[in-house]
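Order-wise, the sequence lines are chains A and B.
Read in numbering that gives the first Met the number 0, the first sequence has 222 at position 223, and its numbers run on one by one without any break.
Read in numbering that gives the first Met the number 0, the second sequence has 1 at position 2, and its numbers run on one by one without any break.
No residue lacks a Cβ here, since even glycine has one placed at the ideal position from N, Cα and C.
Notes follow once the structure below has been shown.
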Amino acid sequence: MTTSTSAPVTTEKATVVAARTKGLRKEYGSTVAVDRVDLELPEGAVLGMLGPNGSGKTTTIRMLLGLVRPTQGEIELLGKPLPDGAEQALPHVGALVEGPGFHPFLSGRENLIRCAAFEPLLEKRNIKQAVEDALERVGLAQAAHRRYRGYSLGMKQRLGLAAALLVPRKLVVLDEPTNGLDPAGTREIRKIIAELHAAGSTVLVSSHLLSEVEATCTHVAVLHRGTVVAQGELTELLQAGGSALQVITPDVEIALSALRSAKISGRPLGDGLRVELAGTSAPQVIETLVKAGVGIYEATRWKTGLEELFARLTEAEEAERGMSAVDTLDGGPR
Amino acid sequence: MITRQFGSEVRWMLRRPRTIIGLFGLVLVPIIISFGIWTAGEGSDGPPGLGAILQGNGMVVPIFTLFLSLNLLLPLVASIWAADGLAGEAQHGTLRGLLVAPVSRVRLLFVKLFGLTAMSLFAVTLMAVVGIIAGTAFLGTNGMMTLSGTTLTTGEGLLRIALFIILVTFQMVSIGAVALAVSATTEHPLVVQAATMTTIIVFQVLGQFSSLDWLHPFLITTGFPGLIDVMRDPIPTGQIWDSTLLAGCYLLIGTGLAAMRLITKDS
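As structure tokens, then:
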């Protein structure tokens, strides 16, 4: 669907992307907010953009939406280069950036009507219906007549989401969408993201809540100190993070010596031990242990959680900055 | 599309509590003037110049009102609208929403200029209409006496008022356009108002010093007094034309600067 007009080197497999950035850099005065960001947002994906506060998530998103001009680098949004192609691409993009922005003296409905008046894809006669639908979708229909001034943080957030969903979008960008929402509200946002995904829209969610991303996303990009330290499919990233077997057993000592003689690395952990599966497999480990007469109550595959992956990615760099040379992950930060 | 955006803009401005309060305040001016002249009674020493012909000449009230208000009140109102237009929207985070919709930045500026113009025209006309009503009610009228001593028919008088409305609105919009340029640089509406009003006051002070007369042709406030020529018969067009031309320059420069700033602005 992308009309790659300016892509001289397309040697890689041509994944259809909803958005792509190349070598993005943004300086504010002397501070570099974002540097060397190469982001790829495959069409139909739900990309979770992770990163601690100040890691450049919002700046990257603002550049993707044409709100901020990059100091360097290229952006392609829905097949159009930014900023020149913004007027063609942006109508298909719904966004909630840096928290909801509305006029306090207008009601929720009036605010949405004002947003709708500026939506190029919305016909005038359809505005009313689109606004009511969006309000319904985010569960604000009951409070639509109240002034925005009196809205709770959660309601404000929902209204922002409603504005992003006024028109069916090809791409929806949500910057910290669950900020200020209670658990029920968070679940609703997840539901909406899932609906968008099912309808074929591409979604970009930024968050510092890892569980949030793990629950809703197909792809992940991890930002740290203004640059992308890892990105890809969620499952692939987690697998690449290595795996281990957790064995619950009373015979820890025997187990360890058996593993050692089989050249499998393991260490005591809790009620048993943790066995690294590098160079071996779970059946092999269990066979070794059983043959050594170790009683096994339970053996579970230890899945690398996003939290662990994230900690490792961001800490690896932290360590590198401190000690100058430890192995770095994908991307090789400065 | 653009008419729909214009409509939305004006509706949004009209819905603001401060606009309503501001318009209410503006409307009070001609009423107070009419009442003041009326209570002062016949034969008293009225204000000099235009004020001198107000007694028994209610049709002059709208002109006198606008002429007085142009010095401070109307620039203040214009600066408030310009401040809310860009800086205010940026402050509330709504500017981002508009830009992502998307509204191109140049078009956004035109929407804002249109809102400013429409609301200025509305405010000035409202003041004039209330001025006519209050003036006629308190002071009575028999046509419109001019500064040249002639008396115009009511119809001719209304035409003069209409002309003055347009001239004053244009001055107001020009000030507003410069305020919009300031508005495009900040997120704080108060900065815009303060900057605009300070400039207007400083210009008027500078206008008092004859040693600075080389500067006077460049100050927009220098053009204000000349507009009163509308009340002479026949109308000498020289000063009116100069004032309008000067305001036109401010309008162009203001719009140009605002566009330049808006196009490269990070939001």
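- Message: So for residue 32 of chain A, helix, strand or coil by DSSP?
- Response: strand
- Item | C-alpha distance - residue 10 of chain A paired with residue 307 of chain A, whole-angstrom precision | With a pLDDT of only 38 at residue 10 of chain A, under 50, the local geometry of the prediction cannot be trusted, and the value read off the model is given with reservation. Rounded to whole angstroms, residue 10 of chain A to residue 307 of chain A spans 34 Å at the Cα level.
- Message: Quick test of the definition: if touching needs 3 or more C-beta pairs under 8 Å, does the region 236-248 of chain B touch the region 163-182 of chain B?
- Response: yes
- Within the 8 Å Cβ cut-off, does residue 171 of chain A reach chain B? no
- Item | Chain-order list of residues whose beta-carbon lies under 6 Å from that of residue 203 of chain B (same chain, five-residue window excluded) | 220
- Item | the region 80-98 of chain B touching the region 153-168 of chain B, judged by at least three CB pairs closer than 8 Å | no
- Message: Using a Cβ-Cβ distance cut-off of 8 Å, determine whether residue 240 of chain B contacts chain A.
- Response: no
- Which value, in whole angstroms, describes the spacing of the CA atoms of residue 159 of chain A and residue 83 of chain A? 26 Å
- Query: Should the region 72-88 of chain A be regarded as contacting the region 123-131 of chain A, the criterion being three or more beta carbon pairs within less than 8 Å?
  - Reply: no
- Item | Cβ shell of residue 200 of chain A (< 7 Å), same chain only, five flanking positions each side left out | 168, 169, 170 and 171
- For the 8 Å Cβ check, are there 3 or more pairs between the region 105-123 of chain A and the region 194-212 of chain A? no
- Put residue 223 of chain A into one of helix, strand or coil per three-state DSSP. strand
- Task: Could you give the DSSP three-state label for residue 11 of chain A: helix, strand or coil?
- Result: Low confidence applies to residue 11 of chain A: its pLDDT is 44, below 50, so where it sits in the model is not reliable, and the reading given next is rough at best. It is coil, neither helix nor strand.
- Query: By Cβ distance below 8 Å, which residues in the same chain neighbour residue 77 of chain B in space, the five residues on each side in sequence not counted?
  - Reply: 115, 119, 171, 172, 174, 175, 178 and 195
- Of the residues that make up the region 74-85 of chain A, which ones have a beta carbon closer than 7 Å to any beta carbon in chain B? 85
- Task: Compute the Euclidean distance between the alpha carbons of residue 15 of chain A and residue 42 of chain A, then round it to the nearest angstrom.
- Result: 6 Å
- Query: When DSSP builds the beta bridges, which residues end up paired with residue 109 of chain A?
  - Reply: DSSP lists no partner for residue 109 of chain A.
- Residue(s) in a DSSP beta bridge with residue 143 of chain B: B:151
- Task: Note down, one range per segment and in chain order, each beta strand (DSSP E) of at least 3 residues found wholly within the region 199-265 of chain A.
- Result: 201-206, 218-223, 226-232 and 243-247
- Query: In chain A, which residues lie with their C-beta within 7 Å of the C-beta of residue 4 of chain B?
  - Reply: 116 and 117
- Since residue 0 of chain B meets chain A, which of its residues come closer than 8 Å, beta carbon to beta carbon? 119
- Go ahead and label residue 323 of chain A buried or exposed: buried means 16 or more other beta carbons lie within 10 angstroms of its beta carbon, across all protein chains shown. With a pLDDT of 38 at residue 323 of chain A, under the threshold of 50, the modelled position of that residue is not reliable, and the figure given next carries that caveat. Result: exposed.
- From the DSSP output, in three-state form, read off residue 174 of chain A for me. strand
- Query: Of all the CB atoms in chain A, is at least one closer than 8 Å to the CB of residue 253 of chain B?
  - Reply: no
- Message: Between the alpha carbons of residue 51 of chain A and residue 65 of chain A, how many angstroms are there, rounded?
- Response: 23 Å
- Item | Distance between residue 136 of chain A and residue 7 of chain B (C-alpha atoms, nearest Å) | 24 Å
- Item | residue 80 of chain B - DSSP class collapsed to helix/strand/coil | helix
- Message: Out of A:249, A:92 and A:192, which one is the CA nearest neighbour of residue 102 of chain B?
- Response: A:92
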